[in-house]
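Heads up: the sequence shown begins at 139 in the numbering used here, then just goes up one per residue. Each residue gets a CB set at the ideal place from its N, CA and C atoms; glycine is no exception. Accompanying notes for the structure given below.
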Amino acid sequence: MKIENTFGIDVEARALFTYDSEEALREVLSIIHEQYADLPLLHIGCGSNLLFLSDYKGVVLKSNIQGINLKEETKDEVLVEVGSGEICDEFIAQAIQNGWFGMENLSLIPGQIGAAAVQNIGAYGVEVQDVIEEVKGISLKDGSEHLWKQNECGYGYRQSIFKEELWGKYAITRVTFRLSKHFEPKLQYGGLIKAVEQAGLSEQNLTAEQLRQVIIDIRKAKLPDPKEQGNAGSFFKNPIVSKEKAEQLLSQYPQMPHYNAENGIKLAAGWLIEQAGWKGKSLGPAAVHDRQALVLVNKGGASGHDIQRLCEAIKKDVYERFGINLEPEVNFI
Ligand code: EPU
């Protein structure tokens, strides 16, 4: 059975199951434990952050749990529980329409709600952890339900407990968001204020719909549409280096983009890759996107290994030039 993935890589799994409720998931799990007990199990979302190196010799699970449930409302905030199979961007659009704010900057990020909570998706100065209240999941081993409060999710930059120690152990079923009823645009990310001005909008009277549209336009200009050219968004994480390392590089490259992060200085992997000469370059059927060097694309017919080969070549050159080890953001399967 074909596995959906935005890199457009042709891969199959031994079996694929979807479920639309907790009960259905438990039923599916009992079938899997009976019929496929010795095969590995992989839970996917829309496959927008996965790189398959070969066919998957196991069983793939996917959530189709729908539903947007307003759990609590005060004059300032709402708590909304969303099914893990809902499309994240569709929920954001709906939330804005309902007057629930906080996720505008995450507009157009591909993927499902469950995967967003696993990956701690982020863009333009907002991470989904900023609006998550709690996450519910079901153990793939025994079907028991578990709830993690936001501070138990181990969130960091593109990081969570679900990607680390709990990887492969739970299916995320529902995510509760705490959203504000008062729109406060977050425009501190480099270039956002300028983009708002260039769109002829005013920072003072900006609406959430307008901000969403600005973000959508930036993403469309920089990031290739996976339907046209296979890709998984940013392929690498932006590296976080020590202050000393950043200063050393800045003395050589004063124009290098850099940002303060919790545990050091964050550099722009796209800039490093561009400086290393890779922007727009190809290696066989795999290429570096010509408008955003952090994105690797499938030019057509690439295998996971073709993409991996390009990834290794870039890593080597960036390391030789800057002494920085780039880490993939995408999960290799
Ligand atoms: N840059 C270059 N050359 C490039 C790409 C970027 O010089 O080819 C420079 C830009 O000029 C800018 C800096 O690098 O000064 C940052 O670029 P950009 O704003 O495009 O963002 P990014 O750091 O490359 C990150 C996220 C994106 C997210 C954007 C906006 C990661 C790994 N990526 O990219 O997330 O949309 O910021 O917040 O953190 C994703 O995770 O899939 C993703 C697309």
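Near the ligand EPU: residue i beta-carbon under 7 Å from a heavy atom
i, result
"A384", "no"
"V337", "Correcting the residue type first, residue 337 is Ala in the shown sequence and not Val. It does not: the Cβ of A337 is nowhere closer than 7 Å to a heavy atom of the ligand EPU."
"Q430", "yes"
"P395", "yes"
"K360", "yes"
"G146", "no"
"S372", "yes"
"N376", "yes"
"Y262", "yes"
"A406", "yes"
"E412", "yes"
"E210", "no"
"E400", "no"
Spatial neighbours of residue i in its chain, beta-carbon cut-off 7 Å, leaving aside the 5 residues before and after
i, result
"G263", "N243, K324, Q326, Y327"
"S372", "L432, V433, E467"
"P178", "G196"
"F84", "This structure cannot settle anything about residue 84, because the visible part of the chain is limited to 139 through 471."
"E272", "L285, W286, K287, Q288, T314"
"L421", "R447, L448, A451"
"L208", "V216, V218"
Sequence-distant residues of its chain with Cβ nearer than 8 Å to residue i (five each side left out)
i, result
"V269", "G240, M241, F315, R316, L317"
"R350", "I230, A231, I234, E242, S245"
"E465", "F374, K375, P377"
Opening and closing residue of the beta strand (DSSP E) in which residue i lies
i, result
"N436", "433-436"
"E219", "215-221"
"K417", "Here K417 belongs to no beta strand (DSSP E), and DSSP marks it neither H nor E."
"A337", "Segment: none, A337 is in no beta strand (DSSP E) and carries neither H nor E."
"N207", "206-211"
"A399", "396-399"
"H325", "According to the sequence as given, residue 325 is Leu; it is not His. Neither: L325 is in no beta strand (DSSP E) and is coded neither H nor E."
Beta-ladder partner(s) of residue i, from DSSP
i, result
"F155", "L199"
"H181", "L199"
"F239", "S318"
"V426", "L434"
Residue i - containing alpha helix (DSSP H), residue span
i, result
"A451", "442-460"
"L163", "160-173"
Neighbourhood of residue i by C-beta, 6 Å cutoff - its chain only, sequence neighbours within 5 removed
i, result
"G292", "S298, I299"
"A253", "G183"
Exercise for review: Identify every run of the alpha helix (DSSP H) within the region 249-323, keeping only runs that are complete inside it and at least 4 residues long; order them along the chain.
Suggested key: List check, alpha helix (DSSP H) in window: 251-257.
Practice item. Entirely within the region 352-392 and at least 4 residues each: give me those alpha helix (DSSP H) ranges in chain order. Key: 381-390
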